[in-house]
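> Numbering (my numbering), first residue to last: 12 to 247. Okay, handing you the structure first.
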Amino acid sequence: MSMTVQHPSTPGSDGTPESAGVHRLLVVDDHPGFRRGIVALIADETDLSVCGEADSAPSALEAMRRLNPDAAVIDISMPGTNGIELIKMMLAERPKLPILVLSMHEESLYALRALKAGAKGYVMKAEAMENVLSAIRTILTRELYVSPKLGQRLIFRAVQSAEAGNGSPVDRLSDRELEVLQLLGKGFSTRDVAAELHLSVKTIETHRANIKQKLGFKESGEMVRFAIEWVTQEEG
């Protein structure tokens, strides 16, 4: 069941709500522990506050409409609609909303897709506590935030694709199919992938079949070997 939490405004010394100079953030993540950590980190800042929390795409959209945040911080991996699709849905309603993506996935795997969807920044969860505040302040100025390492890789990939005249074979995959391929490449079984993404085994089997067809593999073993090699290359 989806959940939203609204945070009351922090009153000033005269009892009025917090000043207009404080930027209000919506935090979207289905892992309560991590979400609370980000909320607590933001709460210590004088220029930032959390106006609400959500744990799914439907609750995030509802909270955005009701709370009108200045920016959103969202996870990519969520049950049902994933974070990249959520970015597209949020921006369809609020085109100028700055969105920062926090993800457990290595930035080379998903950052470009997130930025293409309209996000203004991408931070890996492993580095979130160190970089999330500067990332939030960057996107609030309408600038992009990516790590220096990722910036170099994105430039290299763009040049490489232009020279080759096409992109990577995995560019044909949907965002969810890419998630499935990445987990298969890390050694997850179909059942493990289903548990990780909070989806049914049947749904993952359908994604596997689509991946195999789009990448031109006849056997599932070939696809899994490709997944392992691809993840090793991308994360290397």
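Virtual Cβ for every residue (Gly too), placed ideally from N, Cα, C.
If ILE110 sits next to ILE95, beta carbons under 8 Å apart, how far is it from one beta carbon to the other, in whole angstroms?
In fact, because the Cβ distance is near 10 Å, the residues do not count as touching under 8 Å.
> Hey, how far is the Cα of VAL242 from the Cα of ARG187?
So the alpha carbons of these two residues sit roughly 15 Å apart.
> Pick from LEU36, GLN17, GLY63: whose alpha carbon is nearest that of HIS143?
In the sequence under discussion, the amino acid at residue 143 is Val, which differs from the His named in the question. It is LEU36 whose Cα lies nearest to the Cα of VAL143.
> Taking 8 Å as the cut-off, does the region 49-65 touch the region 144-162 (at least 3 CB pairs, one atom from each stretch)?
Enough Cβ pairs lie closer than 8 Å, so yes.
> Could you tell me which whole alpha helix (DSSP H) segments of length 4 or greater appear in the region 24-109?
As far as the region 24-109 is concerned, its whole alpha helix (DSSP H) runs of at least 4 residues are 43-54, 68-78, 94-104.
> Hey, PRO90 and ASP40 are a contact pair by Cβ (cut 8 Å); roughly how many whole angstroms apart?
About 12 Å separates the two Cβ atoms, so there is no contact after all.
> Does DSSP put GLY129 in a helix, in a strand, or in coil?
Reduced to three states, the DSSP call for GLY129 is coil.
> Using 8 Å as the threshold, is the region 206-214 in touch with the region 77-91, meaning 3 or more CB pairs across them?
Result yes; three or more Cβ-Cβ pairs closer than 8 Å.
> Between which two residues does the beta strand (DSSP E) carrying THR15 extend?
THR15 -> beta strand (DSSP E) spans 15-17.
> Looking at ILE181: is its Cβ nearer than 8 Å to the Cβ of LEU192?
The question names Ile, but residue 181 in the sequence shown is Val. Contact flag set, yes.
> Since VAL112 and ALA125 should fall inside the 8 Å C-beta cutoff, what is the C-beta to C-beta distance between them, to a whole number of angstroms?
Correct: roughly 5 Å between the Cβ atoms.
> Taking 7 Å as the line, does the beta carbon of LEU195 fall inside it for any heavy atom of the ligand MG?
This structure does not include the ligand MG; it has no bound ligands of any sort.
> Work out the CA separation of HIS116 and TYR133 for me, nearest whole Å.
When rounded, the distance between both Cα atoms is 10 Å.
> For MET135, name the three-state secondary structure that DSSP assigns.
Looking at MET135 - three-state DSSP - the assignment turns out to be strand.
> List the endpoints of the continuous alpha helix (DSSP H) containing HIS209.
Note, HIS209: premise wrong, no alpha helix (DSSP H); not H, not E.
> Can you give the beta carbon distance from VAL33 to ARG46, rounded, assuming they're within the 8 Å contact cut?
The pair is not a contact, with the Cβ atoms about 20 Å apart (cut-off 8 Å).
> Go ahead and label GLY227 buried or exposed: buried means 16 or more other beta carbons lie within 10 angstroms of its beta carbon, across all protein chains shown.
GLY227 comes out exposed.
> What are the partner residues of SER158, as DSSP defines its beta bridges?
SER158 is not bridged to any residue.
> What's the gap between the Cα of PRO159 and the Cα of PRO106?
Whole-angstrom Cα-Cα distance: 26 Å.
> Rounded to whole angstroms, what is the Cα-Cα separation between THR214 and GLY232?
Between THR214 and GLY232, the C-alpha separation is close to 19 Å.
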